[in-house]
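Participant:
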Amino acid sequence: MYLLIVEDDDRVADFLRRGLAAEGYSTQRVANAEEALLRLRQHPCALLLLDLMLPGMSGIELCQRLRAERLQMPVLMLTALDGVEDRVQGLRCGADDYLGKPFAFDELLARIEALLRRPTALAQAARTLEVADLLFDRDQMQCWRAGRALHLTAKELALLELLMSAPGRVYSRERILANVWGSYEDPLTNVVEVYIRRLRAKIDDGHELALIKTVRGLGYRLDAAATPKPTPVGSGPQAPG
1 MYLLIVEDDD RVADFLRRGL AAEGYSTQRV ANAEEALLRL RQHPCALLLL
51 DLMLPGMSGI ELCQRLRAER LQMPVLMLTA LDGVEDRVQG LRCGADDYLG
101 KPFAFDELLA RIEALLRRPT ALAQAARTLE VADLLFDRDQ MQCWRAGRAL
151 HLTAKELALL ELLMSAPGRV YSRERILANV WGSYEDPLTN VVEVYIRRLR
201 AKIDDGHELA LIKTVRGLGY RLDAAATPKP TPVGSGPQAP G
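Residue numbers (UniProt numbering): 1 to 241.
(1) In whole angstroms, give me the CA-to-CA distance for H207 and I5.
(2) Nearest chain D C-beta to L66 closer than 8 Å, yes or no?
(3) When the Cα of I176 is compared with those of M164, D106 and V192, which residue comes out closest?
(4) For K229, count neighbouring Cβ atoms within 10 angstroms of its own Cβ and tell me buried if that reaches 16, exposed if not.
(5) I need the boundaries of the alpha helix (DSSP H) containing L199, first residue and last residue.
(6) Out of curiosity, what's the CA-to-CA distance linking V180 and R138?
(7) Is D14 helix, strand or coil by DSSP?
(8) According to DSSP, simplified to helix, strand and coil, what is E174?
(9) Return the chain-ordered list of same chain residues with a C-beta closer than 7 Å to the C-beta of I112, the five sequence neighbours on each side being excluded.
(10) Where DSSP assigns a beta bridge to D144, which residues make up the other side?
(11) What are the start and end residues of each continuous alpha helix (DSSP H) run of 4 or more residues lying completely inside the UniProt domain "Response regulatory" (2-116), in chain order?
(12) Excluding the five sequence neighbours on either side, which residues of its own chain have a C-beta within less than 7 Å of the C-beta of H43, listed in chain order?
(13) DSSP three-state call for L163: helix, strand or coil?
(14) With a cut-off of 8 Å, do at least 3 Cβ pairs link the stretch 26-35 to the stretch 5-17?
(15) Mapping DSSP to helix, strand and coil, what is A239?
(16) Determine the closest residue to M141 out of P74, A201 and L160, with distance taken between C-alpha atoms.
(17) To the nearest angstrom, report how far apart R39 and F103 are at their CA atoms.
(18) Please list, in chain order, all residues of the same chain as R29 whose beta carbon is under 7 Å from its beta carbon, the five residues on each side excluded.
(19) CB-CB under 7 Å to A226, same chain, minus the five flanking residues each way: which ones, in chain order?
(20) Can you give me the start and stop residues for the beta strand (DSSP E) that R221 sits inside?
(21) Checking the sheet assignment: what are the DSSP bridge partners for L129?
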């Protein structure tokens with residue numbers, strides 16, 4: 001699941017990102033509320049980790065803006081202001097939970113898991129597909145790679161949604177035709193191969209990690225597993241003469 005961290009302290013943000021990555025979460029971090037608001041308007045996250053004290057717009061103000069715009073992802077506030085009045089203010093402005101700094105990482109994980117079990121969080125997660133830094137918003141039918149919007153045709157979007165719906169699953173050419181074109185017969189010669197090439201050009205070109213893989217003789221899959229590059233013939237270690 002994709003979590004957005006809004007934290008201006010680099011040390012704290014790095015701690016959160018490394019810890020959450022080790023638990024299988026995908027995260028992005030922004031250092032101010034203004035940038036967070038722009039990102040969340042484009043593609044909502046499954047859960048927002050929000051520092052209360054931020055430069056410019058505060059965490060309280062950001063939370064109020066999100067709720068006013070009906071962006072309903074769960075919000076977990078993280079802050080050193082842990083008095084009763086501070087907690088009450090945070091919860092009343094629209095936060096779902098409030099955790100004072102410093103905190104135990106296990107408690108943070110438990111609170112995240114509890115928030116993500118709520119029906120609204122599960123529904124939001126189902127509307128957003130994510131593999132590595134590739135995000136697909138099913139409501140808007142838009143996608144982003146490393147935060148950059150991708151411009152895809154309707155058929156390219158349908159093909160990408162199919163591949164992202166089950167990361168790592170191999171889809172045969174026939175299954176792709178049935179799901180995307182509604183037929184087991186190819187309307188054009190090699191149409192699947194043509195659209196796979198187009199997706200690769202738009203999604204993988206310029207990125208070190210290629211997400212779309214060819215499984216020879218079987219079909220195609222999309223996942224974040226690194227594919228080792230073949231070693232050129234003759235480039236290995238040589239025996240001493």
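Each residue gets a CB set at the ideal place from its N, CA and C atoms; glycine is no exception. Being a predicted model, the structure only gives us computed values, none of them experimental.
Facilitator: In short:
(1) Locating residue 207 in the sequence shown gives position 207, where the first residue counts as 1. Locating residue 5 in the sequence shown gives position 5, where the first residue counts as 1. Near 23 Å, if we compare the C-alpha coordinates of I5 and H207.
(2) Included in the structure is just one protein chain, with no chain D present.
(3) Taking the first residue of the sequence shown as 1, we reach residue 176 at position 176. Looking at the Cα atoms, V192 is the closest of the given residues.
(4) Start at 1 with the first residue of the sequence shown, and residue 229 comes out as number 229. Residue placement at K229 cannot be trusted, given a pLDDT of 43 that sits under 50; what the coordinates show is reported in the next sentence. It counts as exposed.
(5) For the purposes of this step, residue 199 is taken as the residue at position 199 of the sequence shown. Looking at the DSSP string, the run of the alpha helix (DSSP H) that includes L199 is V191 to I203.
(6) Numbered from its first residue, the sequence shown carries residue 180 at position 180. Numbered from its first residue, the sequence shown carries residue 138 at position 138. Distance between the alpha carbons of V180 and R138: 15 Å.
(7) Your numbering for residue 14 matches position 14 in the sequence shown. If DSSP states are grouped into helix, strand and coil, D14 belongs with the helices.
(8) Stepping through the sequence shown from its first residue, residue 174 is reached at position 174. Reduced to three states, the DSSP call for E174 is helix.
(9) One-based indexing of the sequence shown puts residue 112 at position 112. If we look at I112 and ignore the five residues flanking it on each side, its Cβ neighbours are L47 and L76.
(10) Here residue 144 corresponds to residue number 144 of the sequence shown, with the count starting at 1. For the record, residue 144 in the displayed sequence is Trp; it is not Asp. For W144, which the question treats as bridged, DSSP gives the partners L135 and A149.
(11) 10-22, 33-42, 59-68, 84-92 and 105-116
(12) For the purposes of this step, residue 43 is taken as residue 43 along the sequence shown, with counting starting at 1. Within the same chain, H43 has close Cβ partners T128, L135, D137 and W144.
(13) As a first step, residue 163 must be located in the sequence shown, where it is residue number 163. Helix, per DSSP.
(14) yes
(15) Stepping through the sequence shown from its first residue, residue 239 is reached at position 239. Its pLDDT being 38, under 50, A239 is placed unreliably in this model, and the value from its coordinates should be taken loosely. In this structure, A239 counts as coil in the three-state DSSP scheme.
(16) In the sequence shown, residue 141 corresponds to position 141, counting from 1. Closest option to M141, Cα to Cα, is L160.
(17) What you label residue 39 is simply residue 39 of the sequence shown in a count that begins at 1. What you label residue 103 is simply residue 103 of the sequence shown in a count that begins at 1. Roughly 27 Å separates the two Cα atoms.
(18) Your numbering for residue 29 matches position 29 in the sequence shown. Around R29, the same chain offers I5, E7, A13 and R17 as residues with beta carbons nearer than 7 Å, after the five sequence neighbours per side are excluded.
(19) Position 226 of the sequence shown, counted from the first residue, corresponds to residue 226. Same-chain partners within the cutoff: L209.
(20) Here residue 221 refers to the residue found at position 221 of the sequence shown. It spans G219 to L222 - the beta strand (DSSP E) in which R221 sits, taken as one unbroken run.
(21) Here residue 129 refers to the residue found at position 129 of the sequence shown. F136.
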